[in-house]
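Just so we're aligned: the first sequence equals residues 1 to 574 in my numbering.
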Amino acid sequence: MSALFGRTLREAPAEAETANHQLLLRAGLAVQLAAGVYSYMPLGWRALRKIEDIIRDEMDAAGAQELLMPAIQPIELWREAGRLEAFGETIFRFADRRGREQVLAPTHEESVTDLFRKTVQSYRDLPRRVYQIQNKFRDEARPRGGLIRVRQFIMKDAYTFDADDEAFQASYDAMDRAYTNIWRRVGVPATRVQADSGAIGGKSSHEFIFLTGIGEDTIATCGACDYAANQERAEFDRGAPAGGAPGPLTPVETPGVTTIEALANFLDVPAAGTAKAGMYLADGRPAFAVIRGDLEFNELKLANSLGAREVRPMTDDEVAAEGWVAGYASPVGLEDALANATVIADTSIPEASNLVAGGNRADLHLRNVNHGRDWRADIVADLGLARAGDPCPTGCGAALALDRGIELGHIFRLGTVFSEPMQADFSGADGEQHLPIMGSYGIGVERLLAAVIEQNHDEHGIIWPPSVAPYDVHLVAIGFDRPEVAAAVAETEAALEAAGLSVLSDDRDERPGVKFTDADLLGMPVRVTVSPRNLKQDVVEVKARAAAEAESVPASALIDRVRALLAAAGDGAS
RNA sequence: CGGGGCGUGGCGCAGUCCGGCAGCGCACUUGACUGGGGGUCAAGAGGUCGUCGGUUCAAAUCCGACCGCCCCGACCA
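Below, the structure is given as structure tokens:
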């Protein structure tokens, strides 16, 4: 340790708020260079490499081959796949000396598809599963939380190519299993949840979420069954439709009543007996959305259903320009003012009858509005935002809970969205050309490191799972300036290393308290202490990082004891 | 991008309101003592106070512009 590059800090830098971020900096694992850009110091890099090796092991077991694709890519590749627009300002771009535009790759679907079309011609070559562990670059609008969201990061990204859906499912399942194994082996609990697949579509998209209060995603889970989904796409049961047989459409004066709550109170009807209007711009085009009054819009679902990249609420001026009346809007009798807009309704709307809706004039509402009779949506889709307490969509009868979490990994069915525009095809057994079904599978390696620390620490420091620990053993030398101690330390270190254990030896001229405190902060799974006191009794002292007390063992029993403690710590982590 | 906060030695901070010698704790260097949970004493080194410009006899402090970092939100294949 006297030669170790990097030092421990007594106090965490002010920018670190979360436990994992503070410990990362205090233990000297990483040093920040700029917003969302970090250097990894020797100890941190050892931990990262151990995580990488676990990932490699599982990827290999899933039948994937490691390769390495370039971080610099010509921008034409991105234009060809039609994804430059979608990435927008997140993509780092620059021009080379001849003025050719280049991209610092934020991901590698394009380049792996290019590899496929250059190397694979026949169905006989399928399936193909590849992966790499490589730097990604994304000019994030807001890096945050230390290593949780950064602009340059190490990602394990894997890609699969299959001849048909059935074969794809086998690849997907293999990756699914590999991911589950990875979380277990690094000591982080992860929940597998249904994820939004964006405009690409497809049912096979799952995220693996580490549930933690410091997370930036919101996850809906059911306490009774195994339903779990990102709130972005979470479904829920809307309950029995209200209303009964359609009654006559009836205007009712509602002076000053512009909110659902006020409307429900004024007319003494439940919020679920009203219809709520939402006025949006979807990629600049007006959209008039309707949902039951007690529900809220999920703008991502709205965007997906409209086939839009971006959806935002209209401003008051934009609403007025369309000829809509904020607070009293509904699609009933509004044909002219809706001519340029897409009218979209949540599934709760056609199910219900006799709703109270806006009269499209200030201070006026309509009773007994019925979809299909009084108006008709262009699109009916699930647009509802799942909230805590909403009934589980499986019909199990329990309520959904919302929790925060960190996305550790994402597995994803791409289908042919890259193989088609890039003309990456292969000859099938039938002699025709076919497009491969692709899958994409990512893990943020440093983010996973952050999760390991967040999950495995106490008030004194990190408690590394042995699988990720930079070293197996932290060897503390007390009274190192005494020749007999130095000799015993060298002997102990040699014995441990001969047994295949990695050792961080604290040979610094520091007081015992400093060394013990640093050992707790750095968090190697097992601490071994050599001191004059122990030498006199012919023992060495051994302590698991997670244990309260140390124990003394004869030198001859040291290796076995250390191995036993490592095994126990490993079990604890999984 | 909207809102908020911050920038003074390696880390944590005071000083800024009300202009007048650039400070404190930790860390670092040297020496002595000490030696099982961040020890004591003594002597040191280290800072153009984020940058540029302005006001002033005088600017860390007042004014302006810019840069950087953090947090909340928007965004996030």
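Where a beta carbon is used, it is the ideal one built from N, C-alpha and C, also for glycine. As the structure is a prediction and not an experimental result, all values here were calculated from the model.
Contact test: residue i Cβ vs the ligand MN heavy atom, cutoff 7 Å
| i | result |
| --- | --- |
| residue 15 | With respect to the ligand MN, the structure offers nothing, as it holds no ligand at all. |
First and last residue of the uninterrupted beta strand (DSSP E) at residue i
| i | result |
| --- | --- |
| residue 291 | 285-292 |
| residue 171 | Looking at the DSSP string, residue 171 is not in any beta strand (DSSP E); the run it does join, the alpha helix (DSSP H), is 165-186. |
| residue 368 | 364-369 |
| residue 527 | 526-530 |
| residue 98 | First-last for residue 98: undefined, no H or E at that position. |
| residue 552 | 551-554 |
| residue 4 | Unbroken run through residue 4: none, as it is neither H nor E. |
| residue 29 | No beta strand (DSSP E) contains residue 29, which DSSP labels as neither H nor E. |
| residue 37 | 37-40 |
| residue 438 | 437-444 |
| residue 355 | 355-358 |
Residue i in three-state terms, based on DSSP
| i | result |
| --- | --- |
| residue 314 | coil |
| residue 20 | helix |
| residue 113 | helix |
| residue 383 | coil |
| residue 59 | helix |
| residue 573 | Low per-residue confidence applies at residue 573: pLDDT is 46, beneath 50, and the placement is therefore not dependable, though the value from the model is reported in the following sentence. It is helical. |
| residue 231 | coil |
| residue 140 | coil |
| residue 66 | strand |
| residue 295 | coil |
| residue 257 | coil |
| residue 45 | helix |
| residue 160 | strand |
| residue 87 | helix |
| residue 328 | coil |
| residue 583 | In the structure as shown, the chain begins at 1 and stops at 574. Residue 583 is therefore absent and cannot be evaluated. |
| residue 427 | strand |
| residue 122 | strand |
| residue 302 | helix |
| residue 631 | Because the chain in this structure spans residues 1 to 574, residue 631 falls outside the shown range and cannot be described. |
| residue 558 | helix |
| residue 577 | Nothing can be reported for residue 577, as the shown portion of the chain is limited to 1 through 574. |
| residue 51 | helix |
| residue 544 | strand |
| residue 320 | helix |
| residue 563 | helix |
| residue 334 | coil |
| residue 568 | helix |
| residue 281 | strand |
| residue 414 | strand |
Bridge partner(s) assigned by DSSP for residue i
| i | result |
| --- | --- |
| residue 218 | 404 |
| residue 346 | 381 |
| residue 250 | 367 |
| residue 193 | 207 |
| residue 275 | 292 |
| residue 266 | None, per the DSSP bridge assignment. |
| residue 391 | 399 |
| residue 108 | Its beta-bridge partners do not exist; DSSP assigns none. |
| residue 148 | Answer is none; residue 148 lacks a bridge partner. |
| residue 409 | 208 and 443 |
| residue 575 | Beyond the ends of the chain as shown, which are 1 and 574, falls residue 575; an answer cannot be given. |
Start-to-end residues for the alpha helix (DSSP H) that takes in residue i
| i | result |
| --- | --- |
| residue 77 | 75-81 |
Which runs of the beta strand (DSSP E) spanning at least 3 residues fall entirely within the region 447-522, listed in chain order? 473-477 and 503-506
Stretch pair the region 212-230 + the region 248-261: three plus CB contacts closer than 8 Å: no
Would the region 516-528 count as touching the region 458-477 if we require 3 or more Cβ pairs under 8 Å? yes
Does the count of Cβ pairs from the region 394-409 and the region 221-234 closer than 8 Å reach three? yes
Taking contact to mean 3 or more Cβ pairs, one atom from each stretch, closer than 8 Å, check whether the region 344-358 and the region 371-385 are in contact. yes
With a cut-off of 8 Å, do at least 3 Cβ pairs link the region 121-141 to the region 85-95? yes
So, does the region 436-444 touch the region 155-166, judging by three or more C-beta pairs under 8 Å? yes
With three or more beta-carbon pairs closer than 8 Å as the criterion, would you say the region 269-276 touches the region 289-296? yes
Across the region 175-188 and the region 461-472, are there enough close Cβ pairs to call them in contact, namely three or more that are closer than 8 Å? yes
Contact between the region 446-462 and the region 505-521 (3+ Cβ pairs under 8 Å): yes
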